[in-house]
Amino acid sequence: MANKSGKFYSNPILLVVIAALVIAAALIVASQLSARHHQVALNPPTQAGTQPQQPGEQVQTGGTQTETQPEQPKQPQETPASPALVWPPTEGSPDAPVTMIEFADFYCPYCDRYLNQTYPKIAADYIEKGLIRYEFRNLVVHGAPALLAAVGGVCAQEQGKFWDFHKRFYEVAFPAKGGEQQVDESGLKQIGADIGLDPASFSNCVQSYSQDYNRCLADYQSCTTNGKDKNQCAADFNQCLSADELAMTVLNDQGVLRELIDRLPPDEQAKAQKIGTPLFFINNHILIGAQPYDNFKRLIDQALKEAGSSGS
Amino acid sequence: MKRVLTTRLIIVALALLGLGDSAYLAYEHFGHRIVCIGTGCSIVDASIYSGIFDVPLSVLGLLAYSLILGLTAWSLRAANPLSDYLHLGIFGLALTGTIFCAYLTYLEFAVIQAFCTWCMISAVNIAVIFILATLGLTTPARAG
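Sequences listed follow chains A and B, in order. For the first sequence, position 296 (counting from the first letter as 1) is numbered 328 according to this note's numbering, and the numbering increases by one without interruption. For the second sequence, position 39 (counting from the first letter as 1) is numbered 975 according to this note's numbering, and the numbering increases by one without interruption.
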């Protein structure tokens, strides 16, 4: 029996190992093809600035967010990237009794879901009726690609077309057929063309950020390859990127987020222990996630009632 | 014989762990999460590597662990040579899974630059199953 067993295992093992290697290789190839399919539908190959390079993470941690505590270091106040820029983008009546602020990430699928399923109802029921003044802010949670996209939004806003960019970007990044497309710099320019932005201005705007980002990235890479402390290299990267006004316009929104959370009443602050996108402030209330429309409606109606009773 | 039995029972336990892990990731993937937290699994799950042509990797994980669980449970009851064949199947699945998980772990660290704990649990889990299955190969079950 023992001999029989040994004989049985001699060749089949080899066959199984070969089959396993072939299947694993096929899976890896399929994964790469799938990723490429998601990445290049719009554009030619990528550039360094749009890749999820390590410093993309540092971009986040520099001022974010992400890690669930709002009280992370850094970033101050409003610094418009150019005199032409009015940030944040808003819509609705400036005299509306309720201000609703959305914090979103351009690669967050739940922001896309909110935009498609809930936002149209809020727009129809409240914004268009002059009851809500709506504001957009960036909360970059998906690293370097999301920061690039957010910068694209700022560049579009320089030409007064943030909302068109916002809508078009999500259409491209989250196509109706499913999946996710990563949009690189040339993809951004295509979106700019789709919504009628002045190509030269938009291109210059995006490129000015990319050049800064790539320079900081190169410094970061040489810092880490020289064996310096990674945290120090990351801090230097953040410092380097803070010289870019476009990036800072995006990252400053995180400072705004912290200020808004600090201003909430204690019971609302308790809801902000774990933050993420999409995140909303509705006057003095906070709502996190792509929740059903009814949850928004309840809170908006409550805010309207409060605003009415306080006479504002 | 006792060692073989113990090894396979451990594989059953690990396959159950892997099933639970993959089920959680699939649950999160299919809309039960409504917030992008921006760390670890959120970034990995939102990346272009989180699926193969729109089939989420968590679903592949569920499939693989279900097969391993089924084959192992069957091998515990089956007599030789069927039991040995079944064990060989477990070994093959675990080898495929280990190689693919090594590739995914490389992607997490080198390309996506984000670290998903639940994905890592699955990667370590399948590697341990592979080691156990390999040890089982050197001392095949001899039921009957």
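Backbone N, C-alpha and C fix where the C-beta goes; we use that ideal spot for every residue, glycine too.
For P44 of chain A, the C-beta contacts it makes with chain B under 8 Å involve Y1021, L1024, in order along the chain.
Proximity to A156 of chain A across A:F138, A:G124, A:R145, A:C140 peaks at A:G124, based on C-alpha coordinates. The beta carbon of A951 of chain B sits no closer than 8 Å to any beta carbon of chain A.
Neighbours of Y1039 of chain B in chain A, taken as residues whose beta carbon is under 7 Å from its own, are I60 in chain order. Not a single CB atom of chain B sits nearer than 8 Å to the CB of P152 of chain A. The straight-line gap separating the alpha-carbon atoms of L180 of chain A and S242 of chain A is approximately 8 Å. The continuous alpha helix (DSSP H) containing E300 of chain A extends over residues 298-301.
The continuous alpha helix (DSSP H) containing A982 of chain B extends over residues 977-982. The shortest C-alpha to C-alpha distance from D276 of chain A to any of A:L331, A:V186, A:A57, A:L336 is the one to A:V186. Of the residues A:F312, A:Q323, A:S274, the one whose Cα lies closest to the Cα of R165 of chain A is A:F312.
For A136 of chain A, the uninterrupted beta strand (DSSP E) run begins and ends at 130-136, by DSSP. Closest option to T122 of chain A, judged by alpha-carbon separation, among A:Y139, A:C248, A:G162, A:E167: A:E167. Nearest to L278 of chain A by C-alpha distance, out of A:Q239, A:G308, A:N315, A:S254, is A:Q239. In the displayed model, F201 of chain A falls within a helix according to three-state DSSP. 8 Å or more divides the Cβ of D137 of chain A from the Cβ of Y202 of chain A. Uninterrupted alpha helix (DSSP H) stretches at least 4 residues long and entirely within the segment 192-265 of chain A occur at 194-205, 217-226, 231-257, given in chain order. Note: H317 of chain A is bridge-paired with A:I314 in the DSSP secondary-structure output. With a threshold of 8 Å between beta carbons, S978 of chain B makes contact with chain A. Within the same chain, Cβ atoms closer than 6 Å to the Cβ of D196 of chain A are found at I227, the five residues on either side in sequence being excluded. C-alpha of N284 of chain A to C-alpha of E338 of chain A: approximately 29 Å in a straight line. For I55 of chain A, the neighbours in chain B by C-beta distance under 7 Å run, in chain order, T1032.
C272 of chain A is positioned such that its CB atom lies no closer than 8 Å to that of C265 of chain A.
The beta-carbon separation of N315 of chain A and V130 of chain A, rounded to 5 Å, stays under the 8 Å limit for a contact. Flagged as an interface residue toward chain A: L1073 of chain B, by a C-beta distance shorter than 8 Å. Around D251 of chain A, the same chain offers D268, F269, C272 as residues with beta carbons nearer than 8 Å, after the five sequence neighbours per side are excluded. With 16 or more neighbouring CB atoms inside 10 Å of its own CB, Y151 of chain A falls in the buried class. Per the coordinates, the alpha-carbon of Q286 of chain A lies some 8 Å from the alpha-carbon of V172 of chain A.
I1004 of chain B is positioned such that its CB atom lies closer than 8 Å to that of A1030 of chain B.
Contact holds between the segment 1034-1043 of chain B and the segment 51-70 of chain A, because three or more Cβ pairs, one in each stretch, are under 8 Å apart.
In the DSSP assignment, Y963 of chain B falls within the unbroken alpha helix (DSSP H) covering 938-963.
Assignment of beta-bridge partners to F168 of chain A by DSSP yields A:E134. The closest CA to that of G976 of chain B, considering only B:Q1049, B:V1064, B:I1065, is found on B:Q1049.
Counting only the Cα atoms, G219 of chain A lies some 35 Å from N327 of chain A. In this structure, L1073 of chain B lies away from I947 of chain B, with their beta-carbon atoms at least 8 Å apart. Distance between A128 of chain A and I154 of chain A, taken at the CA atoms: about 14 Å. Within the same chain, Cβ atoms closer than 6 Å to the Cβ of S235 of chain A are found at K221, the five residues on either side in sequence being excluded.
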